[in-house]
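Q: Sharing a structure below in structure tokens format, with a few things to ask.
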Amino acid sequence: MGKEKFKLSASAVATLLGGKVEGKEDACAVRFSRIEEGSEGDLCFFANPKYESYVYSTHASILLVKEDFVPTAPVTPTLVRVEDPYTGIATLLKYVSAKGRKPSSRKSIRARWFFSTRFGKGVSVGAFAYVGRRVKVGDGTAIHESVYIGDDTVIGERCILYPGVRIYPGMIIGNNVIVHENAVIGSDGFGNAPQPDGSWKKIEHLGNVVIGDDCEIGACTTIDRAQIGSTVLGKGVKIDNLCQIAHNVQVGDNTVMAALVGIAGSTKIGKNCIFAGQSGATGHVEIADNTTVAGGAGIIGNIRTPGQTLMGLPAIPHQNFLRSYAIFRKSGRQ
Numbered sequence: 002m003g004k005e006k007f008k009l010s011a012s013a014v015a016t017l018l019g020g021k022v023e024g025k026e027d028a029c030a031v032r033f034s035r036i037e038e039g040s041e042g043d044l045c046f047f048a049n050p051k052y053e054s055y056v057y058s059t060h061a062s063i064l065l066v067k068e069d070f071v072p073t074a075p076v077t078p079t080l081v082r083v084e085d086p087y088t089g090i091a092t093l094l095k096y097v098s099a100k101g102r103k104p105s106s107r108k109s110i111r112a113r114w115f116f117s118t119r120f121g122k123g124v125s126v127g128a129f130a131y132v133g134r135r136v137k138v139g140d141g142t143a144i145h146e147s148v149y150i151g152d153d154t155v156i157g158e159r160c161i162l163y164p165g166v167r168i169y170p171g172m173i174i175g176n177n178v179i180v181h182e183n184a185v186i187g188s189d190g191f192g193n194a195p196q197p198d199g200s201w202k203k204i205e206h207l208g209n210v211v212i213g214d215d216c217e218i219g220a221c222t223t224i225d226r227a228q229i230g231s232t233v234l235g236k237g238v239k240i241d242n243l244c245q246i247a248h249n250v251q252v253g254d255n256t257v258m259a260a261l262v263g264i265a266g267s268t269k270i271g272k273n274c275i276f277a278g279q280s281g282a283t284g285h286v287e288i289a290d291n292t293t294v295a296g297g298a299g300i301i302g303n304i305r306t307p308g309q310t311l312m313g314l315p316a317i318p319h320q321n322f323l324r325s326y327a328i329f330r331k332s333g334r335q
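Start counting the sequence shown at 2; every next residue gets the next number (our numbering).
In structure tokens form, the structure reads like this:
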């Protein structure tokens, strides 16, 4: 049994999600739980067909299901039918999180900022944070402990910068951006010029990073500043932990990247792309909108046709990859 964090009735859940109750409208949940562990007082969701057996064994109080779900056995929980249970649970998690978060404009006496620093209304600054000269921070932004924000940086409204975040001078961050612990935004890219004697000469990076509204940057992810111009993340980009975005990369709106993705310099990624874990792209290539890159796949050339799913290294359309893999397996048995 977990600690009570909220109290929602089935009818309230349906109202929040635009769903329909099937069962007791006054059934209440006080915790979220996975469907396979659901017990009385829990709110769970069913989105993946391989978990259907748990629909009939769970003792959760409320269960989110798709609108067209047809049970094949008796069900204990009250059902709330919604268009997409996965999106529904995300909405509820955000709602409960926002309800439990107490807004604060407290600025720790152990933090440091300057006369030229400009804070909006309701900005909080944690202990040992450093906010540089001429920095502008928008209304409602939370700067947690030990965050570093370099001079001349602009940060929008309602952002959250978790402990240990490092933002180099001159970066631009939009509204509603979340940056998780120990992420680094604006470090120099890997730019070095080979010399006749075999040594390497560092190329200075004078550009910045521009992050659009509603982005989320995972823990320990690094986004390099441009050599000249800007490294750009469009609106709604979501990047997981331990990813690397190199200098002068452009990432289109609503593109997502799972853990350990690496994008080399000057690559242009379209809108609504998906990069699964440990995938990546070489530098100076263009990737069309709505491209899906499977886990471990690597793009080494331009992808001009939108909407493809790519697999392998070098990445090729998944139908071609599966046919090739069948040949590889067959030849391996000989």
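From the three backbone atoms N, C-alpha and C, an ideal C-beta is built for every residue, glycine too.
It should be emphasised that the depicted structure is a prediction, and the values quoted were computed from it without experimental measurement.
#1: Tell me the rounded alpha-carbon separation between S237 and G175.
#2: Of all the beta strand (DSSP E) runs that stay within the bounds of the stretch 231 to 258, which reach a length of 3 or more residues?
#3: According to DSSP, what are the bridge partners of Y131?
#4: What is the DSSP secondary structure of K4, counted as helix, strand or coil?
#5: Does the Cβ of K4 have 16 or more other Cβ atoms within 10 Å, making it buried, or fewer, making it exposed?
#6: What would DSSP say about S332, mapped onto helix, strand or coil?
#7: For the stretch 196 to 203 against the stretch 160 to 169, do three or more pairs of beta-carbon atoms, one drawn from each stretch, fall closer than 8 angstroms, so that the two count as touching?
#8: Look at the alpha carbon of E84 and the alpha carbon of E68, and state the distance between them as a whole number of angstroms.
#9: Tell me which same chain residues have a C-beta within less than 6 angstroms of the C-beta of M114, skipping the five on either side of it?
#10: When the Cα atoms are used, what is the spatial distance from S10 to R32?
#11: Would you kindly work out how many angstroms separate the C-alpha atoms of G299 and E23, rounded to a whole number?
#12: Suppose you measure from the CA of M2 to the CA of A247; what does that come to, to the nearest Å?
#13: Taking the CB atoms as reference points, tell me whether D215 and N177 lie closer together than 9 angstroms.
#14: Excluding sequence positions up to five away, which residues of its chain have a Cβ less than 8 angstroms from the Cβ of T306?
#15: Let's test the definition: count the other Cβ atoms within 10 Å of the Cβ of P195 and tell me whether it reaches 16, buried, or not, exposed.
#16: Residues bridged to L162 by DSSP?
#17: Take S40 and list the residues in its own chain whose beta-carbon comes closer than 6 angstroms to its own, dropping the five residues that flank it on each side.
#18: Could you pull out every residue in the same chain whose Cβ sits closer than 8 angstroms to the Cβ of L323, ignoring the five residues on either side in sequence?
#19: Where does H181 land, buried or exposed, given buried means 16+ other C-beta within 10 angstroms?
#20: Using a 10 Å radius around the Cβ and a threshold of 16 neighbouring Cβ atoms, would you call G308 buried or exposed?
#21: Run through the DSSP bridge pairs and tell me what P1 is partnered with.
#22: Taking the straight line between their C-alpha atoms, what separation do you get for V71 and S62?
#23: Is it buried or exposed for G20, if we count other Cβ within 10 angstroms and need 16 for buried?
#24: With a cut-off of 8 angstroms on the beta carbons, I'd call G296 and G278 a contact; round off their distance for me.
#25: Evaluate S125 with the Cβ neighbour count: other Cβ atoms within 10 Å of its Cβ, from every protein chain shown; 16 or more gives buried, anything less gives exposed.
#26: For a test of the three-state rule: what should DSSP assign to A194, helix, strand or coil?
#27: Over what stretch of residues does the alpha helix (DSSP H) that includes T16 continue unbroken?
#28: At 4 residues or longer, what runs of the alpha helix (DSSP H) sit wholly inside the stretch 27 to 61?
#29: Would you tell me roughly how many angstroms separate the C-alpha atoms of E38 and F120, rounded to the nearest one?
A: Judging by the given coordinates:
#1: To locate residue 237, count along the sequence shown from 1; it is residue 236. To locate residue 175, count along the sequence shown from 1; it is residue 174. According to the sequence provided, residue 237 is Gly. The question's Ser does not apply to it. Rounded to the nearest angstrom, the two C-alpha atoms are 10 angstroms apart.
#2: 231 to 234
#3: Working through the sequence shown from its first residue, we reach residue 131 at position 130. DSSP, once it has assigned bridges, lists R113, Y149 as partnering Y131.
#4: In the sequence shown, counting from the first residue as 1, residue 4 sits at position 3. Confidence in K4 is poor, its pLDDT being 48 and thus under 50, which makes the residue's placement unreliable; the coordinate value appears in the next sentence. Three-state result, K4: coil.
#5: Within the sequence shown, numbered from 1, the residue matching residue 4 stands at position 3. Annotation note: pLDDT 48 at K4 (below 50); position unreliable, coordinate value reported separately. Label assigned to K4: exposed.
#6: Within the sequence shown, the letter at position 331 stands for residue 332. Helix.
#7: no
#8: The residue labelled residue 84 in the question sits at position 83 within the sequence shown. The residue labelled residue 68 in the question sits at position 67 within the sequence shown. Distance from the CA of E84 to the CA of E68, rounded to the nearest whole angstrom, comes to 6 angstroms.
#9: Taking the first residue of the sequence shown as position 1, residue 114 is located at position 113. Reading off the sequence shown, one finds Trp at residue 114, where the question assumed Met. The residues are V132.
#10: For this step, residue 10 is matched to residue 9 along the sequence shown. For this step, residue 32 is matched to residue 31 along the sequence shown. Rounded to the nearest angstrom, the two C-alpha atoms are 12 angstroms apart.
#11: Taking the first residue of the sequence shown as position 1, residue 299 is located at position 298. Taking the first residue of the sequence shown as position 1, residue 23 is located at position 22. G299 and E23 have their alpha carbons spaced roughly 46 angstroms apart.
#12: Position 1 of the sequence shown, counted from the first residue, corresponds to residue 2. Position 246 of the sequence shown, counted from the first residue, corresponds to residue 247. Low local confidence applies: a pLDDT of 39 at M2 is under 50, so the model's placement there is unreliable, with the coordinate-based value given in what follows. Roughly 45 angstroms separates the two Cα atoms.
#13: Position 214 of the sequence shown, counted from the first residue, corresponds to residue 215. Position 176 of the sequence shown, counted from the first residue, corresponds to residue 177. Yes.
#14: Counting from one through the sequence shown, the residue named residue 306 turns up at place 305. Closer than 8 angstroms at Cβ, skipping near neighbours: A289.
#15: In the sequence shown, residue 195 corresponds to position 194, counting from 1. It counts as exposed.
#16: For the purposes of this step, residue 162 is identified with residue 161 of the sequence shown, where counting begins at 1. L162 pairs with I144, V180.
#17: Numbered from its first residue, the sequence shown carries residue 40 at position 39. Closer than 6 angstroms at Cβ, skipping near neighbours: H60.
#18: Residue 323 sits at position 322 when you count from the first residue of the sequence shown. Cβ neighbours of L323 beyond the five flanking positions: M312.
#19: Numbered from its first residue, the sequence shown carries residue 181 at position 180. By the neighbour-count rule (16 or more Cβ atoms within 10 Å), H181 is buried.
#20: Position 307 of the sequence shown holds residue 308. That one is exposed.
#21: The structure shown does not extend to residue 1, since the chain spans only 2 to 335, so no value can be given for it.
#22: To locate residue 71, count along the sequence shown from 1; it is residue 70. To locate residue 62, count along the sequence shown from 1; it is residue 61. Spanning the two alpha carbons is a distance of roughly 19 angstroms.
#23: Along the sequence shown, one-based indexing puts residue 20 at 19. Buried is the call here.
#24: Start at 1 with the first residue of the sequence shown, and residue 296 comes out as number 295. Start at 1 with the first residue of the sequence shown, and residue 278 comes out as number 277. Correct: roughly 5 angstroms between the Cβ atoms.
#25: The residue labelled residue 125 in the question sits at position 124 within the sequence shown. So S125 counts as buried.
#26: Within the sequence shown, residue 194 is the residue found at index 193, counting from 1. It is a strand residue.
#27: Counted from its first residue, the sequence shown places residue 16 at position 15. Counting along the chain, the alpha helix (DSSP H) containing T16 begins and ends at 11 to 18.
#28: You should have 53 to 58.
#29: In the sequence shown, the residue the question calls residue 38 occupies position 37. In the sequence shown, the residue the question calls residue 120 occupies position 119. Spanning the two alpha carbons is a distance of roughly 45 angstroms.
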